[in-house]
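Here the sequence shown is numbered in numbering that gives the first Met the number 0, starting from 0 and rising by one per residue.
Glycine included, each C-beta is placed from N, C-alpha and C at the ideal position.
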Amino acid sequence: MCLFSYKRLPYRNADSTARHFRDWVSSYETSISHTRVPLGFDRRLLVFEDMAEILHTSPAGVGSSAPSPSPSQEQPWYQDADISGAYHHDTNHNGEIHLSMQYYSQEAQNSSQTLRPVSTASEDGCDDGPPDDHIEARRGIRLIPSGWSIEIAGLFLTLAAFISLLVVLKGVDNQPLSTWHFPFSVNTVISTLSIIMKTPLAFAIGSCLGQGKWSWFTKRSGPLSGFVTFDDASRGPLGCVALLWWLKSRHWASLGAWVTLLLLGVDPFWQAVIQYGGKLVPIEHNNSSLLTSRQLSIGDWYPEGTVSLDYHGHGDVYQGSRLYPDVGMTATLLIAAINSSSSDLTQPPGISCRTGNCTWPLYTTLGICNTCFDVTDQVVKEQDFGMPDENVFSSCHDTSFTVNYTYTSYVIPYPSTRRAILQNFEGYIHQSDCKLRSRVGLSPVFWPTDTYQFKESKTLLASFALLELSGDYWDNLTTIEQATPKATECALEFCALAYETQMRDGLARESLISMSKARVDNSYSPSGDLSPDTLGFIQKDFGYSLTESTDLLLSSGSPGSFTFLIPRHDLQVTLSQDADFNSSSRIFNITQKSVATMIGDLSKNATLDSITFGISNTTNTTKTVDNIAHLLTYRMREVDGTITLGFSEQWIVFTHVRWEFIIFPVIILISGYIFTIGAILDSQRLDLRTMKSDTIATLLWGLDDGTRQYLRYEKQHHDRGSDKIVVKLSTEIDGLQSRAL
Numbered sequence: 000m001c002l003f004s005y006k007r008l009p010y011r012n013a014d015s016t017a018r019h020f021r022d023w024v025s026s027y028e029t030s031i032s033h034t035r036v037p038l039g040f041d042r043r044l045l046v047f048e049d050m051a052e053i054l055h056t057s058p059a060g061v062g063s064s065a066p067s068p069s070p071s072q073e074q075p076w077y078q079d080a081d082i083s084g085a086y087h088h089d090t091n092h093n094g095e096i097h098l099s100m101q102y103y104s105q106e107a108q109n110s111s112q113t114l115r116p117v118s119t120a121s122e123d124g125c126d127d128g129p130p131d132d133h134i135e136a137r138r139g140i141r142l143i144p145s146g147w148s149i150e151i152a153g154l155f156l157t158l159a160a161f162i163s164l165l166v167v168l169k170g171v172d173n174q175p176l177s178t179w180h181f182p183f184s185v186n187t188v189i190s191t192l193s194i195i196m197k198t199p200l201a202f203a204i205g206s207c208l209g210q211g212k213w214s215w216f217t218k219r220s221g222p223l224s225g226f227v228t229f230d231d232a233s234r235g236p237l238g239c240v241a242l243l244w245w246l247k248s249r250h251w252a253s254l255g256a257w258v259t260l261l262l263l264g265v266d267p268f269w270q271a272v273i274q275y276g277g278k279l280v281p282i283e284h285n286n287s288s289l290l291t292s293r294q295l296s297i298g299d300w301y302p303e304g305t306v307s308l309d310y311h312g313h314g315d316v317y318q319g320s321r322l323y324p325d326v327g328m329t330a331t332l333l334i335a336a337i338n339s340s341s342s343d344l345t346q347p348p349g350i351s352c353r354t355g356n357c358t359w360p361l362y363t364t365l366g367i368c369n370t371c372f373d374v375t376d377q378v379v380k381e382q383d384f385g386m387p388d389e390n391v392f393s394s395c396h397d398t399s400f401t402v403n404y405t406y407t408s409y410v411i412p413y414p415s416t417r418r419a420i421l422q423n424f425e426g427y428i429h430q431s432d433c434k435l436r437s438r439v440g441l442s443p444v445f446w447p448t449d450t451y452q453f454k455e456s457k458t459l460l461a462s463f464a465l466l467e468l469s470g471d472y473w474d475n476l477t478t479i480e481q482a483t484p485k486a487t488e489c490a491l492e493f494c495a496l497a498y499e500t501q502m503r504d505g506l507a508r509e510s511l512i513s514m515s516k517a518r519v520d521n522s523y524s525p526s527g528d529l530s531p532d533t534l535g536f537i538q539k540d541f542g543y544s545l546t547e548s549t550d551l552l553l554s555s556g557s558p559g560s561f562t563f564l565i566p567r568h569d570l571q572v573t574l575s576q577d578a579d580f581n582s583s584s585r586i587f588n589i590t591q592k593s594v595a596t597m598i599g600d601l602s603k604n605a606t607l608d609s610i611t612f613g614i615s616n617t618t619n620t621t622k623t624v625d626n627i628a629h630l631l632t633y634r635m636r637e638v639d640g641t642i643t644l645g646f647s648e649q650w651i652v653f654t655h656v657r658w659e660f661i662i663f664p665v666i667i668l669i670s671g672y673i674f675t676i677g678a679i680l681d682s683q684r685l686d687l688r689t690m691k692s693d694t695i696a697t698l699l700w701g702l703d704d705g706t707r708q709y710l711r712y713e714k715q716h717h718d719r720g721s722d723k724i725v726v727k728l729s730t731e732i733d734g735l736q737s738r739a740l
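Put into structure tokens, the structure is as follows:
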């Protein structure tokens, strides 16, 4: 009958195998019959029959017989059995030593004869353990490697979170923030998905690093401190730093450590992916407006009889009229001259925008343009003896007494009854008996031929000669005869303008796109029953001047300027025909009544005095004249009142995705997958039990008894650290063991 049977037991040391064998047998002295006990790995099985009787039989040796000792002297046979000869080398198991002894028995029961090895491999149908086909099936290929289910599920969760994150980013890219209706903000969702993405990946990498220590020491020997370093790396970033230092990034396990560390830095990149930017978006068309001017018809004139005049030998009857300028235009002119900063505070006329943010595409309007030139070289210095009383702003102009001294005058020789002049007694200003109430001399002309720089103008409304003296004279630092004069010629002309306007936060800004002073041919030509000869003389005498009766206008002192005017068609100015202004007007009309009343108003001494006084109180005469033109244009737009429509805009915040910031997290994600999958496959290739960072596995199979005692001895007596103990994993009867080398 079969006592026990077993498979071949691989081991590297016969003495160690004997010791383990005895310890194992002693633990089963009281076992019942027919009990199967696994010795360890690799399908090894022992079958015992009548264990209690056998264990109390003490063989003297293998193949010898001896009387049974007394009960007091009984010893279990396995304590003295010599099994060292039962080992032999097997070339089929890589040179390992295998236990291959057999005991035979002559009697099955109550026998005191010496036990001999028996082979039960083919006798009496003894059970040889589980069938081979069953064992081989357990070691076959699995769809999900054993022990890695949680890690693989984590990889799928990471992938799902990453795909979800991409879907969210794609959905919000370049979309208004108001379209996001989820209870949590975009950043919150992105942050949550990034945590869901990296946490399972970090867990899987940690498990692979934990399994890596078993793989590492199965393939090669190394210091015991490396085993600890691998284990620490599986538990957090600090351990990964130690592992990188130990491996010097020369082993592919370093990839897992690097990914673990870099996963700590992916959150700022995910937060930087989202960027918010606002822009104005049109929300409604034709709900904003402003005023422009397509024509100008202002002022009044009233006929007051006719007169027959002889003009170049031709007698014609002309209508006499009294002119009344537009009060609003006069007020605008004076406000602009006195308050030079008013244009900075004035919005385009009639502007309406509900949201405070509106845009008006290109539009055109009639207006007044200003141009200035330096004409200081035209100034004439005069010295006389007598009373300097020509300047209307001098205290000597209104005095009844007469003082005769030498005085100096600076004059711009404009052909006008009112010269631009600054004069005073010689010497310092504080010593003079004549006090000047204005620092500027002003003189107007209305014919282009009388100007210095605007002789070719065809739309001239008025040109002003402005005379100034250097500041050192007014500061009493120099005498008038040594003062430095400065002269400027500025013209106001009818023109056509093209603008684009934007209002931002309630403040509108007009941008000038185009400006033209071109006059339509044959516009403002004489009308009525005039002979061709008379028309020829008019063209020859007045050319492109817009007035013929300057002297009459200036000499009139009545409430309404009385003059004789040659009837004319409307003046027309036009924009360039080459430019594209869509459907906007290109040609603008100005009636003769408007031209005559505006020139009449500008030629009045009262108006000129106000303009002169206003300009004298500014530090920049050019800007002041430009301000006059600007506000006159606004007044013309208010009078005509042509509505130009625009569209309202609303400030909307958009979500923008900066895709370049995803590159770093994607690289980390791919690296983590490569490491994790590679570590799992490597563990399967080595046919290692999946133990990862399991503490119990480390306690069960971490060190063999000899190595443990050796390590204790070294620590107690020589204080040698674990980095001095070199170990290697090997397969023992009862599992993996780390054996010191």
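Of the listed residues the options, nearest to residue i (C-alpha basis)
i	options	result
residue 502	629, 439 and 359	359
residue 293	661, 635 and 667	635
residue 365	248, 461 and 514	514
residue 413	662, 249 and 464	464
residue 306	324, 469 and 562	562
residue 615	323, 508, 468 and 586	468
residue 417	401, 431, 391 and 526	391
residue 164	269, 335, 215 and 244	269
Cβ separation of residue i and residue j, assumed to be a contact under 8 Å, to the nearest whole Å
i	j	result
residue 444	residue 466	That belief does not hold up - the Cβ atoms of residue 444 and residue 466 are roughly 14 Å apart, past 8 Å.
residue 287	residue 646	6 Å
residue 472	residue 537	Not confirmed; about 46 Å, so no contact.
residue 410	residue 379	5 Å
residue 201	residue 246	In fact, because the Cβ distance is near 19 Å, the residues do not count as touching under 8 Å.
residue 491	residue 461	5 Å
residue 289	residue 477	Between residue 477 and residue 289 the Cβ distance is about 50 Å, and since that is not below 8 Å, they are no contact.
residue 685	residue 217	6 Å
Cutoff 7 Å; reference residue i; Cβ partners in own chain excluding five residues on either side
i	result
residue 593	295, 296, 297 and 298
residue 433	387, 393, 394, 395, 423 and 424
residue 672	154
residue 346	507
Beta-ladder partner(s) of residue i, from DSSP
i	result
residue 383	406
residue 150	Per DSSP, none; premise fails for residue 150.
residue 278	651
residue 485	467
residue 643	289
residue 444	462
residue 305	318
residue 525	567
residue 366	494
residue 222	725
residue 378	Answer by DSSP bridge pairing: none, since residue 378 is not bridged.
residue 265	Partner(s): none; residue 265 has no beta bridge.
Contacts around residue i, its chain only, beta-carbon distance under 8 Å, and the 5 residues preceding and following it disregarded
i	result
residue 583	361, 362, 363 and 497
residue 333	606, 609, 610 and 613
residue 520	none
Below-8 Å beta-carbon distance, residue i vs any chain C residue
i	result
residue 177	No chain C appears in the structure shown, which is made up of a single protein chain.
Contact set for residue i: own chain, Cβ-Cβ below 6 Å, skip 5 residues either direction
i	result
residue 480	407 and 425
residue 382	407
residue 404	424
residue 233	205, 208, 209 and 692
residue 329	600
residue 144	679 and 683
residue 436	392
Cβ contact (3+ pairs, closer than 8 Å) linking the segment 680-689 and the segment 206-226: yes
At least 3 beta-carbon pairs within less than 8 Å: the segment 271-279 vs the segment 239-248: no
Cβ pair count under 8 Å reaching 3, the segment 169-184 against the segment 653-669: yes
contact_flag[the segment 185-193, the segment 250-260] where n(CB pairs < 8 Å) is 3 or more: no
Three CB pairs or more closer than 8 Å across the segment 317-336 and the segment 561-568: yes
Contact between the segment 141-159 and the segment 627-641 (3+ Cβ pairs under 8 Å): no
At least three beta-carbon pairs within less than 8 Å, the segment 538-546 to the segment 587-604: yes
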